[in-house]
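Visitor: Per the UniProt record's numbering, the sequence shown runs over residues 1 to 312.
Backbone N, C-alpha and C fix where the C-beta goes; we use that ideal spot for every residue, glycine too.
Given the structure is predicted, the values throughout are model-derived calculations rather than measurements.
I am attaching a structure below and will ask some questions about it afterwards.
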Amino acid sequence: MKLQQLRYVVEIVRQGNHLSAAAEALNTSQPGVSRQIQLLEQELGFDIFVRTRNRIVDLTEPGRRVLEIAQRMLGDMSALRSLKEEISMPRGGTLTVGVTHTLARYVLPPAVEKFLNAHPDVHLILRRGDPEEICKMVEAGEADFSIGAQTMNQFPELVTLPCFELPRSIIAKTGHPILDAPELTLADVAAQRMIAYDTHYSGQWQVMNVFGHARLPVNVVLSAIDGDVCKSYVAMGLGVAIMTAVAYDPERDIGIGMRDASKLFPPSIINLTLKPNGNMRPYMFDFIALVAPQLTPKVVKTAMKSRLARAA
1 MKLQQLRYVV EIVRQGNHLS AAAEALNTSQ PGVSRQIQLL EQELGFDIFV
51 RTRNRIVDLT EPGRRVLEIA QRMLGDMSAL RSLKEEISMP RGGTLTVGVT
101 HTLARYVLPP AVEKFLNAHP DVHLILRRGD PEEICKMVEA GEADFSIGAQ
151 TMNQFPELVT LPCFELPRSI IAKTGHPILD APELTLADVA AQRMIAYDTH
201 YSGQWQVMNV FGHARLPVNV VLSAIDGDVC KSYVAMGLGV AIMTAVAYDP
251 ERDIGIGMRD ASKLFPPSII NLTLKPNGNM RPYMFDFIAL VAPQLTPKVV
301 KTAMKSRLAR AA
């Protein structure tokens, strides 16, 4: 049994059971990944994956336990590497943070600047993905922690702490009637052509739930995963967008305007997510405190210990 085989199991699940995508992410060949999984299953004596016509479609029940163990072992290996850095480089090291585009582009730059000035010997890596992808990075030991919007699915093996909330707004081309309507209603917004985030991004599923509960159909003409892309098409007059207010910059976003929509839609809740058994170095707590001052080392450590106690 090889650790690399367990890494393949985790990556296949992370890629939605697509062998080719997993192989690409692991910089190896699809036949090689398939062969290693088969060897692991032969050694264990049971199937890890459910297959239909030689295609992986799901995990078996024993496979789910294999996944949990694999994630834990890979996380422990990541903690060992972090410990090695801590001993060999007491003042420096590497910090990998999973982040969404909105946070990386509009929220984190001031914190990143302060952090790098305070910790010149630390190599900071920002790995971008949707809220669920960055949580999976933490699960797989590919990120020390993640900072992103609330996810549709739960990650019970991780510690999740709220950082802050981002209110939502309506973005439209300058001169659009919705920007000057005396009273903004949900029906007014639903009647517009919509430029929307993909539902996995920025808590967009929460926005769509509001329309669904009100039984108002929405005409989404274009979906994107990048706020800047959404604003480009809004500026062309192709539709309006519902975005977090922080994503709008009146000095840079020429040709578009913003209107507060916090009374119509819930805010985007931004969470810190990390492993309960992660090896947290002092500079990691410093980064967290720059983003969410209320999340002191004591608060984070207490949450981590509490999660471990529940799992015992």
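1. Whole angstroms are fine: how far does the CA of residue 242 sit from the CA of residue 228?
2. Closest by CA to residue 71, which one among 152, 12, 177 and 128?
3. Can you give me the C-alpha to C-alpha distance between residue 5 and residue 138, rounded to a whole angstrom?
4. What's the C-alpha gap between residue 104 and residue 128?
5. Measuring only the C-alpha atoms, how far is residue 136 from residue 297?
6. Please tell me whether residue 134 and residue 75 are closer than 8 angstroms, where the distance is taken between their beta carbons.
7. Which of the three DSSP states, helix, strand or coil, is assigned to residue 141?
8. Pick from 107, 114, 8 and 140: whose alpha carbon is nearest that of residue 277?
9. For residue 269 and residue 49, what's the separation of their Cα atoms in angstroms?
10. With DSSP as the reference, label residue 96 as helix, strand or coil.
11. Indicate whether residue 63 and residue 179 have their beta-carbon atoms separated by less than 8 angstroms.
12. Given this structure, state the Cα-to-Cα distance separating residue 36 from residue 299, to the nearest angstrom.
13. Find out if the Cβ-Cβ distance for the pair residue 274, residue 159 is shorter than 8 angstroms.
14. Please go through the same chain and pick out, in chain order, the residues whose beta-carbon is closer than 6 angstroms to the beta-carbon of residue 220, but skip the five residues on each side of it.
15. Measuring alpha carbon to alpha carbon, tell me which residue in 231, 246 and 155 is nearest residue 239.
16. Can you give the beta carbon distance from residue 40 to residue 1, rounded, assuming they're within the 8 angstroms contact cut?
17. Pop quiz: residue 131 and residue 149 are said to be a contact at Cβ under 8 angstroms. What is the actual Cβ separation, rounded to whole angstroms?
18. Pick out whichever of 279, 101 and 81 has its Cα sitting closest to the Cα of residue 224.
19. Would you check if the distance between the CB atom of residue 259 and the CB atom of residue 93 is smaller than 8 angstroms?
20. Per DSSP, what kind of secondary structure is residue 162 in: helix, strand or coil?
21. Restricting to Cα atoms, I'd like to know which of 255, 110 and 43 is closest to residue 291.
22. So is residue 68 buried or exposed if we call it buried at 16+ other beta carbons inside 10 Å?
23. Quick one: grab the DSSP three-state call for residue 218.
24. May I ask which residues mark the beginning and end of the alpha helix (DSSP H) holding residue 213?
Guide: Straight from the coordinates:
1. As a working note, residue 228 is residue 228 in the sequence shown. As a working note, residue 242 is residue 242 in the sequence shown. Taking the straight line joining both Cα atoms gives about 13 angstroms.
2. Here residue 71 refers to the residue found at position 71 of the sequence shown. Here the closest residue by C-alpha is 12.
3. Against the sequence shown, residue 5 aligns to sequence position 5. Against the sequence shown, residue 138 aligns to sequence position 138. Cα to Cα, the separation comes out at about 19 angstroms.
4. For this step, residue 104 is matched to residue 104 along the sequence shown. For this step, residue 128 is matched to residue 128 along the sequence shown. Computed Cα separation, rounded: 8 angstroms.
5. As a working note, residue 136 is residue 136 in the sequence shown. As a working note, residue 297 is residue 297 in the sequence shown. About 23 angstroms.
6. The residue given as residue 134 occupies position 134 in the sequence shown. The residue given as residue 75 occupies position 75 in the sequence shown. No, Cβ-Cβ distance for residue 134 and residue 75 is not below 8 angstroms.
7. Along the sequence shown, read from residue 1 onward, the residue named residue 141 stands at position 141. Residue 141 falls in the coil class under three-state DSSP.
8. Translated into positions along the sequence shown, residue 277 becomes position 277. It is 140.
9. As a first step, residue 269 is located in the sequence shown; it is residue number 269 there, counting from the start. As a first step, residue 49 is located in the sequence shown; it is residue number 49 there, counting from the start. Cα to Cα, residue 269 sits roughly 34 angstroms from residue 49.
10. Residue numbering aside, residue 96 sits at position 96 when the sequence shown is read from its first letter. Residue 96 falls in the strand class under three-state DSSP.
11. Along the sequence shown, one-based indexing puts residue 63 at 63. Along the sequence shown, one-based indexing puts residue 179 at 179. Not closer than 8 angstroms, so no.
12. One-based indexing of the sequence shown puts residue 36 at position 36. One-based indexing of the sequence shown puts residue 299 at position 299. Approximately 42 angstroms, taken between the alpha carbons.
13. The residue given as residue 274 occupies position 274 in the sequence shown. The residue given as residue 159 occupies position 159 in the sequence shown. Result yes, Cβ atoms of residue 274 and residue 159 sit closer than 8 angstroms.
14. In the sequence shown, residue 220 corresponds to position 220, counting from 1. Closer than 6 angstroms at Cβ, skipping near neighbours: 194 and 196.
15. Translated into the one-based positions of the sequence shown, residue 239 becomes position 239. Among 231, 246 and 155, the Cα nearest to that of residue 239 is on 231.
16. Position 40 of the sequence shown, counted from the start, is the residue given in the question as residue 40. Position 1 of the sequence shown, counted from the start, is the residue given in the question as residue 1. Going by Cβ atoms, the distance from residue 40 to residue 1 rounds to 7 angstroms, so yes, they are a contact pair.
17. As a working note, residue 131 is residue 131 in the sequence shown. As a working note, residue 149 is residue 149 in the sequence shown. The pair is a contact, with the Cβ atoms about 5 angstroms apart (cut-off 8 angstroms).
18. For the purposes of this step, residue 224 is identified with residue 224 of the sequence shown, where counting begins at 1. Among 279, 101 and 81, the Cα nearest to that of residue 224 belongs to 101.
19. In the sequence shown, residue 259 corresponds to position 259, counting from 1. In the sequence shown, residue 93 corresponds to position 93, counting from 1. It is not a contact, given that the beta carbons lie outside the stated cut-off.
20. Along the sequence shown, read from residue 1 onward, the residue named residue 162 stands at position 162. In this structure, residue 162 counts as strand in the three-state DSSP scheme.
21. Your numbering for residue 291 matches position 291 in the sequence shown. Here the closest residue by C-alpha is 110.
22. Within the sequence shown, the letter at position 68 stands for residue 68. Exposed, because fewer than 16 other Cβ atoms sit within 10 Å of the Cβ of residue 68.
23. Along the sequence shown, one-based indexing puts residue 218 at 218. Coil.
24. Position 213 of the sequence shown, counting from 1, holds the residue named residue 213. Where residue 213 is concerned, the enclosing alpha helix (DSSP H) stretches over 204–213.
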